[in-house]
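In what follows, a structure is listed as structure tokens, so that the remarks can point back to it.
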Amino acid sequence: MAKEDTMDSSEMNSMQWASVDVGNGVRLRYAVGGTGPKNILLIHGYPETAIAWRRIVGPLMESGYRVIAPDFRGAGGSTRPADGYDKAQMARDCFAVLQDAEIKAPTFVVGHDIGMMVAYAFARQFPGSTKALAVLDAPLPGTEVFDHVLLDDKRVWHFHFHQAPDIPEALTAGKEAFYLERFWHDLAYDAGAIDLATKQRYLESFSGPGGMRAGFQLYRAFAQDAAFNRTQLAEHGKTAVPVLAVAGESSAFAPVMERMMKEVAKSVKFLCLAQAGHWLAEENPAGLVEALLNFDRAN
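As numbered in the numbering used here, residues 37 to 335 make up the sequence shown, in order.
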């Protein structure tokens, strides 16, 4: 573990930053804190970084968790490579993070948005290292729900736009703040839940060199992700890892997440989180922590 600076207490309860080489010149930065004995891996989404979890890491550490929260490839303090944004590879990145943090026991894996897709790929590739899985407010490529329901919803227009070669980069250049604000504002139940200082941190990540392209590459890998997920289901059946699926009450995903996850998992518990849109950990952190703790205790 290559230790770096300590995170500002106002962000992540003075968790320690560390970094690890995950191969092919890619280095992932991650936050780690808490003494355990339980372990929880938190995988953020787009367009955010590990500090998306800033309001829940304290309560989780106080509840006996060692918390690991990486900036996934292309975001925050991690490398922005040209490729490797398929979620199976990103899950392997996260497994390397756990190894670097010397986490050996099965871990509660939690993913939001794009991170949800990574978390699912983690559980598929490393079931013995996955105690339980929480998937937060996002679709899963390769499911019937994703292919035939969500892609017709105008609220996910960006799924198509981000996959177009080069056009998103050209049209958002110099307009990063305006563009990203649409997501933070329009997908929220409470548009003020993400404060200006945090938005600035996110903006610094994605408006820097290669940042917007890295974000769009996450979506350009959806076809590869869908193929991986379909193959896993066809060859291995539904995952036996217990799944908690959570959607915000005003989210486009609330009506379909339970049905979607039941396509790929044997045991699914669904929760619609009140007073939240897409940004669950920032809009209703107390409700999310309660849901995670209750689910993990039951498994």
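C-beta: ideal position from N, C-alpha, C; glycine also.
- Our two residues, L307 and P177, have alpha carbons roughly 21 angstroms apart in a direct line.
- Per DSSP, the beta bridge partners of C308 are A283.
- When secondary structure is reduced to three states using DSSP, I79 falls in the strand class.
- Taken through DSSP and simplified to helix, strand or coil, D189 comes out as coil.
- Within the stretch 136-200, the complete beta strand (DSSP E) segments at least 3 residues long are 143-148, 166-172, listed from N- to C-terminus.
- By the 16-neighbour rule on beta-carbons within 10 angstroms, E240 is exposed.
- Around the C-beta of N330, fewer than 16 other C-beta atoms lie within 10 Å, and the residue is accordingly described as exposed.
- Setting aside the 5 residues that flank it on each side, P83 is surrounded in the same chain by L216, F219, Y238, F242, G251, each with a C-beta closer than 7 angstroms to its C-beta; the list follows chain order.
- Counting other Cβ atoms within 10 Å of its Cβ, S50 stays below 16 and is therefore classed as exposed.
- Per the coordinates, the alpha-carbon of G228 lies some 25 angstroms from the alpha-carbon of G113.
- Under DSSP, no beta-bridge partner is assigned to R333.
- Rounded to the nearest whole angstrom, the CA to CA distance from T208 to A283 is 29 angstroms.
- Restricting attention to E285, N335, G110, G59, the CA atom closest to the CA of D173 is found in E285.
- Within the DSSP bridge table, the entry for W53 names A67 as partners.
- A straight-line Cα-Cα distance of about 6 angstroms links P175 and F182.
- Membership of I203 in the alpha helix (DSSP H) is indicated by the continuous run 203-208.
- Note on geometry: alpha-carbon atoms of R266 and T179 lie some 8 angstroms from one another.
- Of the residues assessed, L232 falls on the exposed side of the cut-off, its CB having fewer than 16 other CB atoms within 10 angstroms.
- Looking at the DSSP output, V62 bridges to G59.
- Going by DSSP, V103 is part of the beta strand (DSSP E) stretching over 101-106.
- Counting along the chain, the unbroken alpha helix (DSSP H) around N265 starts and ends at 258-272.
- The Cβ atoms of V103 and V154 lie no closer than 8 angstroms to each other.
- When rounded, the separation of the alpha-carbon atoms in V171 and H80 is 11 angstroms.
- As DSSP reads the structure, A301 sits in a beta bridge with T275.
- Inter-residue distance for H196 and P245 is about 23 angstroms (C-alpha atoms, whole angstroms).
- Comparing C-alpha distances from A159 to each of P321, E319, V300, V56 shows the shortest one belongs to V300.
- By the beta-carbon neighbour count (other beta carbons within 10 angstroms, threshold 16), W193 is exposed.
- Proximity to L187 across A322, Y255, T85, E319 peaks at Y255, based on C-alpha coordinates.
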